[in-house]
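Worksheet for the structure shown next.
Numbering (our numbering), first residue to last: 11 to 325.
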């Protein structure tokens, strides 16, 4: 009996230690993977880093595999512009959905709306890209972009944003497609942040005569601002890394964007289109250099966003 009890205790002790080892291994492997990816990118991009440097690479718009001249200004600028168009268009809609679901919507509609938002996130990005190419782009080229040019051309600064031939396959179309894709991420995090607002704060504001809009503006938004910024940051990280949807709607031309109607390219689109065609070491190294810059950018943005969200949860 004592022998069996001793064996059982030893087995439990062994399983506890084994479980602790597995959890420790899992915790260590994640940063090791991140560091490993960084090391691989640095190694593969070393040839381009040595030849072009940092400042010269990010400010040069030339991309000529024949003469082995490479610069990342066009894809980097295209990536940033498309991502910010998506944020400018998508974040207000996402916050509107979050406010409606958490404060205005009847209880019987909350779950269906949240389910619809989640389903929006589940649609494959290539479906968004095909929709952007075959549905949205022709509508933009025929109706929306000529109308925007007619309206904004007389306005000094805004007119510059809509210069060029309205082709429909450009920064503006890609930004709209991407804005729809990031709505579920921002909306879901904003809804969760609004639910974390203590009920006593809202009831106190209502008791002092505040309207629903005043409670949302002066109580909920200040309390949740860090979480909302974190959600926006995660959406920005998602937008920076999107490939297929943007590839269909953007045009994939190495043109430096001078307006929202410029067909151009992004880092992810250039990587997807040229990796298999790169037959020279310097060309491949330049592509890895772009990947390295995008990787560092994404790590910084997503890491900062996660930190903001953790601060909200600690409240």
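Even for Gly, the Cβ is constructed at its ideal location relative to N, Cα and C.
If you check the beta carbons only, do residue 50 and residue 256 fall under 9 Å apart?
Residue mapping note: residue 50 aligns to position 40 of the chain shown, counting from 1. Residue mapping note: residue 256 aligns to position 246 of the chain shown, counting from 1. No, the pair does not count as a contact, with Cβ atoms beyond the cut-off.
So what does DSSP say about residue 183, is it helix, strand or coil?
Walking along the chain shown from the start, residue 183 turns up at place 173. Of the three classes helix, strand and coil, the one that applies to residue 183 here is helix, per DSSP.
Answer with buried or exposed for residue 286, where buried requires no fewer than 16 other C-beta atoms within 10 angstroms of its C-beta.
The residue you call residue 286 lines up with position 276 of the chain shown. Result: exposed.
Cα separation between residue 136 and residue 196?
Mapped onto the chain shown, residue 136 falls at position 126. Mapped onto the chain shown, residue 196 falls at position 186. The alpha-carbon atoms of residue 136 and residue 196 are separated by roughly 20 Å.
Alpha-carbon to alpha-carbon, residue 39 and residue 11:
Walking along the chain shown from the start, residue 11 turns up at place 1. Walking along the chain shown from the start, residue 39 turns up at place 29. No answer about residue 11 holds up, because its pLDDT of 49 lies below 50 and its placement is not dependable.
Quick one: is residue 116 buried, meaning 16 or more other Cβ sit within 10 Å of its Cβ, or exposed?
On the chain shown, position 106 is the one that residue 116 refers to. Answer is exposed; the Cβ neighbour count stays below 16.
Can you tell me which of the three DSSP states residue 82 falls into?
Stepping through the chain shown from its first residue, residue 82 is reached at position 72. Three-state DSSP puts residue 82 in coil, outside helix and strand.
Output the boundary residues of the alpha helix (DSSP H) element that contains residue 234.
To locate residue 234, count along the chain shown from 1; it is residue 224. Run containing residue 234: 231–251, per the alpha helix (DSSP H) assignment.
Exposed or buried, residue 163, counting other C-beta atoms within 10 Å across all chains shown (16 or more means buried)?
Position 153 of the chain shown, counted from the first residue, corresponds to residue 163. Exposed: under 16 other Cβ atoms inside 10 Å.
Alpha helix (DSSP H) segments (min. 4 residues) lying fully within the stretch 145–192:
155–162, 166–171
Along the chain, where does the alpha helix (DSSP H) containing residue 113 start, and where does it finish?
Position 103 of the chain shown, counted from the first residue, corresponds to residue 113. Careful: residue 113 lies outside any alpha helix (DSSP H) and carries neither H nor E.
Verify whether the separation of the beta carbon atoms of residue 240 and residue 189 is less than 9 Å.
Translated into positions along the chain shown, residue 240 becomes position 230. Translated into positions along the chain shown, residue 189 becomes position 179. Not a contact, by the Cβ cut-off of 9 Å.
Select from 89, 62, 154, 95 the residue whose C-alpha is nearest the C-alpha of residue 79.
Translated into positions along the chain shown, residue 79 becomes position 69. The residue with the shortest Cα to Cα distance from residue 79 is 62.
Assuming residue 283 is part of the alpha helix (DSSP H), what are its boundary residues?
In the chain shown, the residue the question calls residue 283 occupies position 273. Start and end: 277–284.
What is the rounded straight-line gap between the Cα of residue 88 and the Cα of residue 278?
The residue labelled residue 88 in the question sits at position 78 within the chain shown. The residue labelled residue 278 in the question sits at position 268 within the chain shown. Each residue's alpha carbon lies about 10 Å from the other.
Could you pull the start and end residues of the alpha helix (DSSP H) that residue 129 belongs to?
Here residue 129 refers to the residue found at position 119 when the chain shown is read from its first residue. 117–132 is the span of the alpha helix (DSSP H), which, as asked, contains residue 129.
Please classify residue 182 as buried or exposed, where buried requires at least 16 neighbouring CB atoms within 10 angstroms.
Sequence index remark: in the chain shown, residue 182 carries index 172 (1-based). Classification of residue 182: buried, given that the 10 Å Cβ count is 16 or more.
Of the residues 243, 289, 165, 276, the one placed nearest residue 98, counting alpha carbons only:
Taking the chain shown and counting its residues from 1, the one referred to as residue 98 is at position 88. Closest by alpha carbon: 243.
Could you check if residue 73 is buried or exposed, using at least 16 other CB atoms within 10 Å of its CB as the buried criterion?
Residue mapping note: residue 73 aligns to position 63 of the chain shown, counting from 1. Counting Cβ neighbours within 10 Å, residue 73 comes out buried, since at least 16 surround it.
Cα-Cα, which of 210, 144, 271, 299 is closest to residue 281?
On the chain shown, position 271 is the one that residue 281 refers to. When each option's Cα is compared against that of residue 281, the closest is 299.
Inter-residue spacing [alpha-carbon to alpha-carbon] between residue 169 and residue 159
For the purposes of this step, residue 169 is identified with residue 159 of the chain shown, where counting begins at 1. For the purposes of this step, residue 159 is identified with residue 149 of the chain shown, where counting begins at 1. Going from the Cα of residue 169 to the Cα of residue 159 covers about 7 Å.
Let me check understanding here. Comparing Cα to Cα, which of 149, 216, 293, 86 lies closest to residue 267?
On the chain shown, position 257 is the one that residue 267 refers to. Checked all of 149, 216, 293, 86; the closest Cα to residue 267 is 86.
Going by CA-CA distance only, name the one from 275, 296, 307, 254 that's closest to residue 138.
Translated into positions along the chain shown, residue 138 becomes position 128. With distances taken between Cα atoms, residue 138 lies closest to 254.
Go ahead and label residue 34 buried or exposed: buried means 16 or more other beta carbons lie within 10 angstroms of its beta carbon, across all protein chains shown.
Taking the chain shown and counting its residues from 1, one reaches residue 34 at position 24. With fewer than 16 Cβ atoms within 10 Å of its Cβ, residue 34 is classed as exposed.
Taking Cβ to Cβ, would you say residue 203 is nearer than 9 Å to residue 56?
Residue numbering aside, residue 203 sits at position 193 when the chain shown is read from its first letter. Residue numbering aside, residue 56 sits at position 46 when the chain shown is read from its first letter. Contact: no.
Straight-line Cα distance separating residue 231 from residue 289
Your numbering for residue 289 matches position 279 in the chain shown. Your numbering for residue 231 matches position 221 in the chain shown. Between residue 289 and residue 231, the C-alpha separation is close to 52 Å.
Starting from residue 207, follow the alpha helix (DSSP H) in both directions and report where the run begins and ends.
Residue numbering aside, residue 207 sits at position 197 when the chain shown is read from its first letter. Taken as a continuous stretch (DSSP letters only), residue 207 belongs to no alpha helix (DSSP H), as it is neither H nor E.
Have a look at residue 54 and residue 307 and give me their C-alpha separation to the nearest angstrom.
Numbered from its first residue, the chain shown carries residue 54 at position 44. Numbered from its first residue, the chain shown carries residue 307 at position 297. Rounded to whole angstroms, residue 54 to residue 307 spans 18 Å at the Cα level.
Reference residue 128; option with closest CA among 175, 81, 191:
Along the chain shown, read from residue 1 onward, the residue named residue 128 stands at position 118. Among 175, 81, 191, the Cα nearest to that of residue 128 belongs to 191.
For a test of the three-state rule: what should DSSP assign to residue 221, helix, strand or coil?
Counted from its first residue, the chain shown places residue 221 at position 211. In this structure, residue 221 counts as coil in the three-state DSSP scheme.
Give the DSSP-derived three-state secondary structure of residue 261 in the structure shown.
Residue numbering aside, residue 261 sits at position 251 when the chain shown is read from its first letter. Strand.
DSSP beta-bridge partners for residue 74?
Counting from one through the chain shown, the residue named residue 74 turns up at place 64. Per DSSP, 79.
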